[in-house]
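A.B. asks: Chains as they are written, first to last, in my numbering: chain D, 61 to 1123; chain Y, 173 to 353; chain R, 2 to 462.
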Amino acid sequence: MNQREFMDEHNHEHHHVQERGELRILSARAGADVAAEAPLAKHALDLAAVRGKLQARAGKQYWRTLEELAEDPHFTELLQREFPRQAPSEWDEGVDRRDFLKLMAASLAFAGLSGCGLPPRENIVPYVKQPEGLVLGKPLFFATVMPFGADAIGLLVESHEGRPTKIEGNPDHPSSLGGTNAFAQASVLDLYDPDRAQLTTNFGDMRSWSQFLDSAQAAAAAIKSTEGAGFRILTGTITSPLLAEEIQGLLKLYPKAKWHQWEPAVSDGGREGAKLAFGRYLNTVYRVEKADVILSLDSDFLAVGPGNVRYMKEFFRRRKLTGPDSEMNRLYVVEPTPTVTGATADHRLPLRASDVELFARALAAKLGLGGGASLPGAEKWIAAVAADLQKHRGSSLVVAGEQQGAEVHALAHAINAALGNSGVTVYQTEPVEAQPVNHLQSITELCADMDAGKVDTLIIFGTNPIYTAPHDFDFATKITKVRNTIRVSTHFDETAEYSQWHIAESHFLETWGDARAFDGTLSVIQPLIAPLYATHSAREVLAAFSDKPGVSDYDALRDRLKAANSGADFEKFWRKTLNDGVVANSAFTPVAGAAKFSADSLPPAKTIPADQLEFIFRPDPSIYDGRFANNGWLQELPKPVTKLVWDNAALVSSKTSEKLDLAHKAASRGGEHGQIYSPVVDVSLSNSKVTAAAWTLPGQADGVVVLPLGYGRTHAGYTGTNRGFNAYAVRVSSALFTATGGTLKKTDAEYSLACTQYHFNMEGRKILASGTLEEYKKNPNFAHEEDEQPDKSVSLYKPQDFPYAPDKPAWAMAIDLSSCNGCNACVVACQSENNIPVVGKDQVMRGREMHWIRIDRYYTHTPSETDGGHSGDPSEYSPALDNPETFFQPVPCQQCENAPCEQVCPVGATVHSSEGLNDMVYNRCIGTRYCSNNCPYKVRRFNFLRFQDWETPQFKLLRNPEVTVRSRGVMEKCTYCVQRISNVRIEAEKQNRAIRDGEIVTACESACPAEAIVFGDQNDPNSRVSKLKAQQRNYTILGELNARPRTTYLAAVRNPNPEMEKA
Amino acid sequence: MEHHEPQLYGVMAEFETANQLLHAAEKVRDAGYKHMDAYAPFPVEGLTEALGLGRNKVALTTLLGGLCGGLGGFGFEYWVNVVSYPMNIAGRPLNSWPAFIPVTFELTVLGAALSAVFGMIAMNGLPRPHHPVFNIHRFARASTDRFFICIEATDPKFHLADTARFLEGLHPQHVTEVQDE
Amino acid sequence: MSVAQPPINHPEIRRLEPVLAPGHTYETVTATISDVVIKRPLGLGWFAGFTLAFTFLMVLTVAVAWLIIKGVGIWGINVPIGWGFAIVNFVWWIGIGHAGTLISAILFLLNQKWRTSINRFAEAMTLFAVACAGIFPLIHTGRPWMAYYMFPYPSTMGIWPQFRSPLIWDVFAVSTYGTVSLLFWFVGLIPDLATLRDRAPHKWQQMIFGALAMGWRGSARHWHRYQSAYMLLAGLATPLVLSVHTVVSFDFSIAIVPGWHTTIFPPYFVAGAIYSGFAMVLTIAIPLRKAYGLEDFITMRHLENMAKVMLATGLIVAYGYFFEFFMAEYSGNKFDVFLVDQRLHGPYSPYYFALILCNILTPQLLWIQKVRRNIAALFVMSLIINTGMWLERFVIVVISLTRDFMPSAWGRYSATVWDYATFAGTLGLFTTLLFLFCRALPAIAMAEMRELVAHTSKDHD
């Protein structure tokens, strides 16, 4: 079997290489070299270690352990966990994706089921429904939170017979208010990821937990003797008091021990900025809802960073228009590369990242905060913004970006203070992080100590230093000087490969714990399911080194809360906390003290010569810093602005692209809706080199090259390994987020990128209507100018032919384009709710992705193909593309009343329901694809091959039992979440009442943090959807086709500053 | 045809050309014979009239077949869409008769064609593997280049000797008795 | 022939060269044609050709097997291009079939004597083409094993086919067309089968042909009904053949896709069908008459007439192309305007220009009699036109789909090796059947040839 397995592995590499072309080979090799030296450098004598590493490098280590299992003395301990012997039979397979997953399936059968042996003894409390016995087929909802950086998103998790299947936002949680983002939506897939590490291993050899405890305690004794001199803990940002307490406990126990933190995608600017402004680390919270005018200094606060979901909700609540008399807030964005926040802006100024500081200084100067800085070229802009901010003293807000430096943050604080926004639209609290430190400094110290051989025991969790640490630290070499490294992670990743011990970490849906949200609110992480595998929490691992190991997370958590809430009836408090998902009023109170800081105190800003390229590092919109690399939903999620999937690319501006001749072109396969050939470029930066595919991005600041982080991973798992290029490879400590002095050289190689929407032009068609607030006030009917919508009464058919009986509901949807910023939460929510398969890069390049709801991205006011100018492809330079106005349009099935798809189906597999739904009957469909051809909106999706994975047991657990799992050869499409409609209808009928408005919430609607999507009954004049459709902004895409869609759109309205127009 | 005593089927004369056959046929008809038939390697113009055969019923059969196909077709479509399983398809009326026409037409043609062909075959009494005329060896050329006329024994005017002599009078190649064994 | 008509040696017909070389008797025509079937041994050439054709047929079986195993995803289709080679090939093959019916039915009704010697294999060609075409609607579905849903049978689901869908019209049109063509062909064969029965040297041949001939004995009564039936069939086949390609064109014109949704389609599809059909008849007739020495029966006059028909239908097709543009510009519908613009400037414009070259420009050479009477030239021309007509269907089916209403969903299409294999495979099926046909059945209608002899020979007086 080992033989077979090595062969397979080999085929696999080979497979990758062919599929990914030169780019992949290069980036892959880069990783491999480091890996190769490591084990040898390490104690040459320790042959076991070497073997362990070699095996480990091949990944899938649990297979090898299967072999060794036989000789393992502790085999007996596992035996009691029903170990099925048929697992190896899974080997008689080829090496394509599905077969690979079949292998994974076997490994679950082996280790996975072990979890089932041990049901959770702890009681968990369902949300809303009290668990007097679970009703089969009826999902329960549990409140929990997803820790993410310095934030925790409150969730309600839908559980079917004990299987978490769907993530919803928790309306009672301040960081969610009912909304979620793509990361949270996709997190449930991580739980069932077949590539997850499933065992405790030592040099790749399987070990039982008790074996680890023994060795940990042994180590603890040694550590104690040295007062922990050589004991180090490296983590990411931690907001969990419980975890922090555990660490503090260890530090108390071992005075000389140290705790280091490293969060790769977030700069220290925020912390240091606060220090500059307030003299100490503080946490900043925004009250976006209270702000009339917002200026973002390179901040993507609507998409990432603490509180993003809440900020999005608040922001867009201020942009809902009920009529021409309603008002909306105004957003200015200054940023180097287009983000969803920038795309939403009323005014967007593309600036190089380094110039953003100049901008801030100049603005501060304009507002009389000293420092006579100025930014030539943007003077008028700055003047207009300054004026607008002045005009809205106390109701304006300046937000600094997570990747910006301390100065920018300090200036932002100062400006907010000067404008009297402090305490109104923005306030400071005690840090949410358990222990705020300067991460760069922290990891620098650690590296120094490791290099000096001062570290002999190192526990790493919550961060993946081998992959993310600055390139110049050469973490990989230094870590080999540590005698004993304990890696705690969900996957056997890059860092695990360099560690003696690897502890498979539990998913947050499997463990008890707690976390603070962006505003300090404390929440309990409530497990939805017992650990699927032999996994453990980071806290348990830490505890193993303490004087009282083996305390369960549950007990530890309860003890902690008891201590914190003595007096009150604890059980009552406990139940309430679990039920609500938050510890009542635990949010931090604002701290007094305004920014005592003047721009004069700043050192002169460093500027980069205009002819130099500026390379900036940003977290990827889909997989963040790489932690989601193995999540298929996120990998296949079109990135909001570029619409690329499965890869990252070096993003360049149209001008730069033209200069360096980096134009890409659509392939004949898939073309605009799939495969794009893009030139491969060599990026040489900070004496390192990486090869990347170049992508021209309209709206990017000229001279800026964006290197998105998170790709090019070597040990992410099957889905995430060797995708894209590794930007960390050229990232050094001296230039963490903005680097210069690098070069971009075009090679003659070409690389295929998968892009789901290459063409951005509407070709003068009635697809996305947009206007300014002024226009709207002048002419509320602007969306219907030159409208070709035929009069509904004009028809060959008698209207009574198909009455949608007024006594029956007529389901309909209204999507407010003013509120959509393309954040993609709905897309993942839909995928999760409706069991939509992931098809892989190759199929996407053939134009076969399966998303039921897609988000189209259009640039307005650009010359179109029909007027002979532009071919509508972004790599063709046109001044209009230097800073185009960007709009997003979610497109689910339009549920047409005169559905063109129905008329042409030969077998009646798609027909209309009495409530006006365009139903798709899977088991009647024979797959002629005629309906898709005849669908003007192209929302139908076809199973060209068997895209669903039917074997992998994990995915069987993942699926929503209320939605058919479609097989090969049938058409599918958005159903308006018909299963949710039925559930509600059944309830209503049982109670013999009508369905209430808002009772049915589609997956996309509930996920949308911007409340852009509204679903309801258009026969009910008082329903929210009817009210929206009653607005004059309401229009239908391509109305002239008279398909009469039930899904209509409200024209996008932006609120530009009239002054600025003159500027 | 079940086996029994060889019995006389008729007398047959063989001719070289279609015209000789035509003339012979007229004479035979004028001589008042009723039960007779002519055999030719291709349809000879005027032979039907010469033998005094009436009109045939193929056209009528075809018409009926066509009507059944057409009416049945439309009726079925109507029943399916309006009676059996009415469904809202693309907001079109249940009885979208214009959309039903193509199938109706095709079924009309199909019905007509089938009844034309099988009607013809049936009325010709085919398939019939054996027939007395096949007993005459020279008759094999009836499908290539010879023309035959046969007066059957069942004819009231039939008298072996006289009839044979009468046929001799038409200057055929041969005159032979056709036995039916 | 029941319809009275002037003998071929009538003064104004004499100027034309005869449709049958002089000096033939009943015996000679019959012998020449029937010997190919019952006497002549299988030559090396036949074996070589048959083997080649059969190899391609095997390619088809492999391609289809793999398709059933993996799914239609092995083809180049995607969203938005839901229909690719499969439908292109379907329309192309069906079109080819039309010439056969046209020759045997319409020319028969119009009393065109010259049709006699070509109608038999033209009808065979029709049948084989329909067979090839029929494969595609079945295998192009995502779940071919469920394709029977398209037939009206009482199912437990109580559901029936959706009769508003042009695909259902297709099912009925094509199956009716196949059936009627088969009947028409068989009826024509009955007397010839009798002839073969009577001339066959071997017992087994007599048995087979005897059974097929059903005891036909050429009785005057039989001939009488036979002629009525044949005439009626011809009368039914004529509207049928026109309806079939009309219905096929509905697959497109009923849909709302720009480039499909146009009223010119029915006539222009039918013309195109006949155009490609005659081209295919030439492609077959020219080698056939050479191989089996049938030059006396398929004379220069036949070839020239067919060339003229191609020229005429080609012009109708050209008119169709022109009107696509005219209607778009005239209606001003922005989608259609964009579409025709794409035809010329879009990513697929080379295909369009190739199509114009093959279907419109090259055939103009047929105005010249020298070309019409040059066998080699005609052969090449027929191949060019067949290619052109295939391209036409590609342009209509695929390219219209690449860029329709939503620019965000625009895409492109490129065929995979399996697309090509399937198409090549059907060519194999077609030729295999032809090879078998020309040795198993008389390639020319003997009875009708004898009739022709009767008319041409002197024995009238």
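Beta carbons are placed, not taken as given, at the ideal position from N, Cα and C, and that holds for glycine.
Because the structure is a prediction, the values reported are computed rather than measured.
With a Cβ-Cβ cutoff of 9 Å, do P698 of chain D and V887 of chain D count as a contact?
C.D. replies: Within the first sequence, residue 698 of chain D is the residue found at index 638, counting from 1. Within the first sequence, residue 887 of chain D is the residue found at index 827, counting from 1. Cβ distance < 9 Å, so P698 of chain D and V887 of chain D count as in contact.
A.B. asks: Thinking C-alpha only, which one of Y:Y205, Y:V230, Y:L235 is nearest A222 of chain Y?
C.D. replies: If you number the second sequence from 1, residue 222 of chain Y lands on position 50. The candidate whose alpha carbon is nearest that of A222 of chain Y is Y:Y205.
A.B. asks: From P144 of chain D to P254 of chain D, what distance separates their C-alpha atoms?
C.D. replies: Taking the first residue of the first sequence as 1, we reach residue 144 of chain D at position 84. Taking the first residue of the first sequence as 1, we reach residue 254 of chain D at position 194. Here the model assigns P144 of chain D a pLDDT of 37, short of 50, so the residue's position is not dependable and the matter cannot be decided.
A.B. asks: Closer than 8 Å by C-beta to L796 of chain D: which residues in its own chain qualify, once you throw out the five before and the five after it? Chain order, please.
C.D. replies: Taking the first sequence and counting its residues from 1, the one referred to as residue 796 of chain D is at position 736. So the qualifying residues of the chain are S327, L500, P530, F677.
A.B. asks: Residue range of the alpha helix (DSSP H) that H456 of chain R falls in?
C.D. replies: As a working mapping, residue 456 of chain R is identified with position 455 in the third sequence. Residues 447-457.
A.B. asks: Taking the CB atoms as reference points, tell me whether V445 of chain D and L362 of chain D lie closer together than 9 Å.
C.D. replies: What you label residue 445 of chain D is simply residue 385 of the first sequence in a count that begins at 1. What you label residue 362 of chain D is simply residue 302 of the first sequence in a count that begins at 1. For V445 of chain D and L362 of chain D, no; Cβs fall outside 9 Å.
A.B. asks: Name the chain Y residues whose beta carbon is nearer than 7 Å to that of Q113 of chain R?
C.D. replies: Reading the third sequence from its first residue, position 112 is the one you call residue 113 of chain R. Simply none; closest approach about 18 Å.
A.B. asks: Tell me where the beta strand (DSSP E) around R576 of chain D begins and ends.
C.D. replies: For the purposes of this step, residue 576 of chain D is taken as the residue at position 516 of the first sequence. Segment 573-576, the beta strand (DSSP E) holding R576 of chain D.
A.B. asks: At 8 Å on the CB atoms, spell out the chain Y contacts of L234 of chain R, in chain order.
C.D. replies: Locating residue 234 of chain R in the third sequence gives position 233, counting from the first residue. A285, A288, V289, listed in chain order.
A.B. asks: Could you spell out the range, first to last residue, of the alpha helix (DSSP H) harbouring R370 of chain D?
C.D. replies: Reading the first sequence from its first residue, position 310 is the one you call residue 370 of chain D. Looking at the DSSP string, the run of the alpha helix (DSSP H) that includes R370 of chain D is 368-377.
A.B. asks: Using C-beta distances below 8 Å, list every residue in its chain close to F327 of chain R, excluding the 5 sequence neighbours before and after it, in chain order.
C.D. replies: Along the third sequence, one-based indexing puts residue 327 of chain R at 326. Same-chain partners within the cutoff: there are none.
A.B. asks: Please say whether M450 of chain R and V30 of chain R have beta carbons closer to each other than 9 Å?
C.D. replies: On the third sequence, residue 30 of chain R is found 29 positions in, with the first residue counted as 1. On the third sequence, residue 450 of chain R is found 449 positions in, with the first residue counted as 1. It is a contact, given that the beta carbons lie within the stated cut-off.
A.B. asks: Determine the chain R residues that contact E249 of chain Y at a beta-carbon separation under 8 Å, and present them in chain order.
C.D. replies: In the second sequence, residue 249 of chain Y corresponds to position 77, counting from 1. By Cβ distance, chain R contributes F164.
A.B. asks: Please check if any C-beta of chain Y sits within less than 9 Å of the C-beta of A959 of chain D.
C.D. replies: The residue given as residue 959 of chain D occupies position 899 in the first sequence. Yes, its Cβ sits closer than 9 Å to a Cβ of chain Y.
A.B. asks: So A262 of chain Y and Q955 of chain D are supposed to be a Cβ contact under 8 Å. How far apart are they, rounded?
C.D. replies: Residue numbering aside, residue 262 of chain Y sits at position 90 when the second sequence is read from its first letter. Residue numbering aside, residue 955 of chain D sits at position 895 when the first sequence is read from its first letter. Actually they do not touch by this definition, with Cβ atoms about 12 Å apart.
A.B. asks: Helix, strand or coil, according to DSSP, for Q365 of chain R in the structure here?
C.D. replies: Counted from its first residue, the third sequence places residue 365 of chain R at position 364. Looking at Q365 of chain R - three-state DSSP - the assignment turns out to be helix.
A.B. asks: Counting only the same chain and skipping the five closest in sequence on each side, list residues whose C-beta sits under 7 Å from that of H128 of chain R.
C.D. replies: Here residue 128 of chain R is taken as the residue at index 127 of the third sequence, counted from 1. With the sequence shown as reference, residue 128 of chain R is identified as Leu, and His is not the correct amino acid for it. So the qualifying residues of the chain are S182, L183, W186.
A.B. asks: At 8 Å on the CB atoms, spell out the chain Y contacts of V971 of chain D, in chain order.
C.D. replies: In the first sequence, the residue the question calls residue 971 of chain D occupies position 911. Correct list: M259, N260, I261.
A.B. asks: Please classify V854 of chain D as buried or exposed, where buried requires at least 16 other C-beta atoms within 10 Å of its C-beta.
C.D. replies: The residue you call residue 854 of chain D lines up with position 794 of the first sequence. Its Cβ having fewer than 16 others within 10 Å, V854 of chain D is exposed.
A.B. asks: Would you say E962 of chain D faces chain Y, with C-beta separation under 9 Å as the test?
C.D. replies: Position 902 of the first sequence holds residue 962 of chain D. Cβ-Cβ to chain Y under 9 Å: yes for E962 of chain D.
A.B. asks: With distance defined between alpha-carbon atoms, name the residue in Y:A285, Y:V255, Y:G244, Y:Y257 nearest to V275 of chain Y.
C.D. replies: Stepping through the second sequence from its first residue, residue 275 of chain Y is reached at position 103. Ranking the options by Cα distance to V275 of chain Y, first place goes to Y:G244.
A.B. asks: Determine the direct distance from the alpha carbon of A413 of chain D to that of R906 of chain D, and round the result to whole angstroms.
C.D. replies: Against the first sequence, residue 906 of chain D aligns to sequence position 846. Against the first sequence, residue 413 of chain D aligns to sequence position 353. Their backbone Cα atoms lie some 36 Å apart in a straight line.
A.B. asks: Hey, how far is the Cα of G730 of chain D from the Cα of V399 of chain R?
C.D. replies: Counted from its first residue, the first sequence places residue 730 of chain D at position 670. Counted from its first residue, the third sequence places residue 399 of chain R at position 398. Taking the straight line from one Cα to the other gives about 13 Å.
A.B. asks: Which residues of chain Y have a Cβ atom closer than 8 Å to the Cβ of G968 of chain D, listed in chain order?
C.D. replies: As a position in the first sequence, residue 968 of chain D is number 908, starting the count at 1. Chain Y residues near G968 of chain D: M259, I261.
A.B. asks: Under a Cβ-count criterion, where at least 16 other Cβ atoms within 10 Å of its own Cβ denotes burial, should D211 of chain D be classed as buried or exposed?
C.D. replies: Here residue 211 of chain D is taken as the residue at index 151 of the first sequence, counted from 1. Classification for D211 of chain D: buried.
A.B. asks: Would you say T142 of chain R reaches chain D, if we count a Cβ-Cβ gap shorter than 9 Å as a contact?
C.D. replies: One-based indexing of the third sequence puts residue 142 of chain R at position 141. T142 of chain R counts as touching chain D.
A.B. asks: What residue ranges within the stretch 280-304 of chain D form continuous beta strand (DSSP E) runs of no fewer than 3 residues, ordered along the chain?
C.D. replies: You should have 291-295.
A.B. asks: Counting only beta-carbon separations shorter than 9 Å, does T189 of chain Y have a partner in chain D?
C.D. replies: Position 17 of the second sequence, counted from the first residue, corresponds to residue 189 of chain Y. So no, T189 of chain Y is outside the interface.
A.B. asks: Among all the DSSP beta bridges, which residues are the ones paired with K226 of chain D?
C.D. replies: Indexing the first sequence from 1 puts residue 226 of chain D at position 166. Answer by DSSP bridge pairing, in chain order: D:E218.
A.B. asks: Where do the N-terminal and C-terminal ends of the beta strand (DSSP E) with F91 of chain R fall, by residue?
C.D. replies: One-based indexing of the third sequence puts residue 91 of chain R at position 90. Run containing F91 of chain R: none in the beta strand (DSSP E); it sits in the alpha helix (DSSP H), 86-102.
A.B. asks: With 16 other CB atoms within 10 Å as the buried threshold, where does T62 of chain R fall?
C.D. replies: Here residue 62 of chain R refers to the residue found at position 61 when the third sequence is read from its first residue. Exposed, since its Cβ has fewer than 16 Cβ neighbours within 10 Å.
A.B. asks: Would you identify the three-state DSSP class for D274 of chain D, choosing helix, strand or coil?
C.D. replies: Taking the first sequence and counting its residues from 1, one reaches residue 274 of chain D at position 214. Three-state result, D274 of chain D: helix.
A.B. asks: My output table needs one value for A190 of chain Y: the three-state DSSP class, helix, strand or coil.
C.D. replies: Counting from 1 along the second sequence, the entry for residue 190 of chain Y is found at position 18. Here A190 of chain Y sits in helix by DSSP.
A.B. asks: Would you report the Cα separation of R620 of chain D and L302 of chain D, rounded to the nearest angstrom?
C.D. replies: Taking the first residue of the first sequence as position 1, residue 620 of chain D is located at position 560. Taking the first residue of the first sequence as position 1, residue 302 of chain D is located at position 242. Each residue's alpha carbon lies about 7 Å from the other.
A.B. asks: Only counting the same chain, and skipping five residues up and downstream in sequence, which positions put a Cβ closer than 7 Å to that of V458 of chain D?
C.D. replies: Locating residue 458 of chain D in the first sequence gives position 398, counting from the first residue. Contacts found: L355, L357, A472, I475, N476.
A.B. asks: Between which two residues does the alpha helix (DSSP H) harbouring E124 of chain R extend?
C.D. replies: What you label residue 124 of chain R is simply residue 123 of the third sequence in a count that begins at 1. Here the alpha helix (DSSP H) through E124 of chain R covers 117-140.
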